[in-house]
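In my numbering, the protein residues as written are 1 to 403. Yeah, the Cβ is synthetic: ideal placement off N, Cα and C, and Gly gets one too. Encoded as structure tokens, the structure appears first; notes follow it.
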Amino acid sequence: MINFSQTINTFVSSKKFTIIVSLLGLYLLSTGISLAIFSFLKKGPSQIVTAGLGAARSRINVNLPKTEECPINGGKFTKIEKEIWSARRPITAMIENHADSRPPSNLSKADVVYEAVAEGGITRFLAIFYCGASAEEAKIAPVRSARIYFIDYASEYGDKPIFMHVGGANDFSGYGDTARDVRALETLETIGWRVPRGNDFDTIYDSGFPVFWRNYERLGREVATEHTMMASLDAAYEEAAKRGFGAKDKNGKAWDANFVSWKFIDDKAQSPSASNISFGFWEGKADYDVEWKYDQASNQYLRFNGGKEHIDLETKNQLSAKNIVVLFAKERGPVDRNLHMFYTTIGISKALVFQNGQVIAGTWQKDSRTSRTKFSDDKGREISFVRGVTWIEIVPAGNQVSY
Numbered sequence: 001m002i003n004f005s006q007t008i009n010t011f012v013s014s015k016k017f018t019i020i021v022s023l024l025g026l027y028l029l030s031t032g033i034s035l036a037i038f039s040f041l042k043k044g045p046s047q048i049v050t051a052g053l054g055a056a057r058s059r060i061n062v063n064l065p066k067t068e069e070c071p072i073n074g075g076k077f078t079k080i081e082k083e084i085w086s087a088r089r090p091i092t093a094m095i096e097n098h099a100d101s102r103p104p105s106n107l108s109k110a111d112v113v114y115e116a117v118a119e120g121g122i123t124r125f126l127a128i129f130y131c132g133a134s135a136e137e138a139k140i141a142p143v144r145s146a147r148i149y150f151i152d153y154a155s156e157y158g159d160k161p162i163f164m165h166v167g168g169a170n171d172f173s174g175y176g177d178t179a180r181d182v183r184a185l186e187t188l189e190t191i192g193w194r195v196p197r198g199n200d201f202d203t204i205y206d207s208g209f210p211v212f213w214r215n216y217e218r219l220g221r222e223v224a225t226e227h228t229m230m231a232s233l234d235a236a237y238e239e240a241a242k243r244g245f246g247a248k249d250k251n252g253k254a255w256d257a258n259f260v261s262w263k264f265i266d267d268k269a270q271s272p273s274a275s276n277i278s279f280g281f282w283e284g285k286a287d288y289d290v291e292w293k294y295d296q297a298s299n300q301y302l303r304f305n306g307g308k309e310h311i312d313l314e315t316k317n318q319l320s321a322k323n324i325v326v327l328f329a330k331e332r333g334p335v336d337r338n339l340h341m342f343y344t345t346i347g348i349s350k351a352l353v354f355q356n357g358q359v360i361a362g363t364w365q366k367d368s369r370t371s372r373t374k375f376s377d378d379k380g381r382e383i384s385f386v387r388g389v390t391w392i393e394i395v396p397a398g399n400q401v402s403y
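Shown next as structure tokens:
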């Protein structure tokens with residue numbers, strides 16, 4: 001007769017049993033970890049908020065006096081919001097505007113937005129996030145690749161702003177596919193941003209989840225993979241702090257030690273003489289034609305893109321701005337077989353500034369990569385901006401602007 005008790009004891013003490021138990025344990029452990037990761041990925045990095053940040057935001061009351069000036073665009077915010085942004089430095093992020101990628105997520109929280117053609121008449125944005133993204137967590141999308149002229153504008157926002165993107169024009173392959181004067185990634189290396197744990201946050205370099213992740217369901221419809229990259233500004237700020245890029249760097253130097261702010265004025269709505277601003281970037285690219293319509297009641301301009309209201313997916317509100325600047329820039333290109341473009345960012349040329357329903361004809365001037373672009377009227381006086389969001393439209397010199 002078989003002694004089952006003895007057989008079981010023998011099996012339990014055997015090497016085979018030990019291996020089976022070990023494998024089962026690893027399976028259960030990996031399953032648990034996978035489930036945890038899957039659950040976290042479904043939620044996104046919304047939990048990545050420091051206790052101090054959460055406590056500060058819990059004290060924000062929209063009814064409190066807005067007495068604190070944003071150094072980026074002059075907008076007024078509460079003291080609690082200033083406490084939050086004062087512990088940070090600006091984030092400059094490349095945001096896509098391909099027609100298939102619209103609408104964007106939380107572009108309305110940017111303090112300043114630059115728009116220019118990336119290639120093929122398709123425009124792209126450089127969004128500056130600092131004050132407007134303080135009150136609540138913002139997940140931005142779709143993040144896309146860098147272009148060299150946007151780096152020049154990002155460089156205006158203090159010493160080493162956080163620069164968020166997904167790759168960029170480059171020639172790392174050594175095949176000469178990218179013209180030398182548009183190599184964005186090499187430029188980031190040259191200026192000292194693209195170093196291990198530096199201020200360059202690039203998904204193809206040393207940045208990933210939880211700062212960046214792909215969301216294939218953001219728009220509720222199927223889109224190409226390149227239109228799916230999202231980013232958490234809170235997670236980016238946490239990572240920046242770990243890398244030594246808070247309000248001060250590792251050496252104690254404040255980000256704004258060399259920052260030059262524009263001049264600002266309060267709202268002063270007037271009888272509109274320039275109420276409908278319209279222009280195109282390239283002929284035959286109507287999806288990227290822009291119109292800004294002035295709303296006198298709110299003293300702001302409402303954005304239309306490709307003939308449609310340009311909406312923020314998260315807020316459901318139409319994108320708006322207090323100031324619209326049309327910066328005429330010399331356009332050159334395509335400069336290589338990748339259809340990269342080059343726009344002159346340094347020098348002096350014409351500009352139109354729209355605010356308070358009026359237009360001011362003048363010039364723009366930028367003396368170096370890191371210097372602030374300044375705008376002057378036809379008498380050489382610096383133009384002050386109405387407090388609030390400003391959009392800078394980088395339009396090829398010679399293009400027609402109607403208003």
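The beta carbon of T203 is closer than 6 Å to those of V166 and F212 in its chain, skipping five residues each way along the sequence.
Under the three-state reduction of DSSP output, I80 falls in the helix class.
For A397, the closest alpha carbon among the candidates V389, I360, I348 and R381 is that of I348. L327: member of the beta strand (DSSP E) spanning N323 to A329, first to last residue.
Fully enclosed beta strand (DSSP E) runs of no fewer than 3 residues occupy 212 to 214 and 229 to 232 of the segment 205 to 244, in order along the chain. Sixteen is the threshold: since fewer than 16 other Cβ atoms of the shown chains lie within 10 Å of the Cβ of E217, the residue is exposed. Closest option to N399, judged by alpha-carbon separation, among T363, D312, K293 and G280: G280. Within the segment 253 to 303, no alpha helix (DSSP H) run of at least 4 residues lies entirely inside it. Residue burial is scored here from C-beta neighbours: L233 has at least 16 other C-beta atoms within 10 angstroms and is therefore classed as buried.
Around the CB of N258, fewer than 16 other CB atoms lie within 10 Å, so the residue is classed as exposed. Between I91 and F125, the gap from beta carbon to beta carbon reaches 7 Å or more.
Secondary structure note for D202: it is in no alpha helix (DSSP H), and the uninterrupted beta strand (DSSP E) holding it is D200 to D202. Scanning its chain for C-beta atoms nearer than 6 Å, with the 5 sequence neighbours on each side dropped, one finds around E291 the residues S278 and F304, in chain order. Here DSSP, grouped into helix, strand and coil, assigns L126 to strand. For D152, the uninterrupted alpha helix (DSSP H) segment begins and ends at I148 to A154. For E186, the uninterrupted alpha helix (DSSP H) segment begins and ends at A184 to T190. Straight-line spacing of the CA atoms in M230 and A110 works out to 15 Å. Judged by their CB atoms, F328 and K350 are nearer to each other than the 7 Å cut-off. With fewer than 16 other beta carbons inside 10 angstroms of its own, R337 counts as exposed. If you compare the alpha carbons of R144, E81, D377 and C70 with that of S58, the shortest gap goes to E81. Contact annotation: the segment 71 to 79 does not touch the segment 115 to 125, with fewer than three C-beta pairs closer than 8 Å. Comparing C-alpha distances from I95 to each of R147, F245 and A241 shows the shortest one belongs to R147. When beta bridges are read from the DSSP output, D377 appears opposite G362. Contact between the segment 101 to 109 and the segment 176 to 187 is not established, with fewer than three Cβ pairs separated by less than 8 Å.
Rounded to the nearest whole angstrom, the C-alpha separation of A247 and A133 is 15 Å.
If the five residues before and after I72 are omitted, its C-beta is found closer than 8 Å to the C-beta atoms of P90, D111, V112, I128, Y130, C131, Y157 and S261, all from its own chain and listed in chain order. For L352, the enclosing beta strand (DSSP E) covers residues G347 to Q355. When C-alpha distances from R369 are compared across D206, G54 and K160, the shortest belongs to K160. Around A184, the same chain offers A146, R147, I148, I151, G168, A169 and N170 as residues with beta carbons nearer than 7 Å, after the five sequence neighbours per side are excluded.
A135: not part of any beta strand (DSSP E); DSSP gives it neither H nor E. With respect to the 7 Å criterion, Q358 and Q270 are classified as neighbours on the basis of their beta carbons. When DSSP states are grouped into helix, strand and coil, A55 belongs to the helix group.
When the beta-carbon positions are compared, S371 and T363 stay at least 7 Å from each other. For the pair H340 and V143, the CB atoms are not nearer than the 7 Å cut-off. DSSP, reduced to helix, strand and coil, places A110 outside both helices and strands of the structure shown, so it counts as coil. By the beta-carbon neighbour count (other beta carbons within 10 angstroms, threshold 16), R387 is buried.
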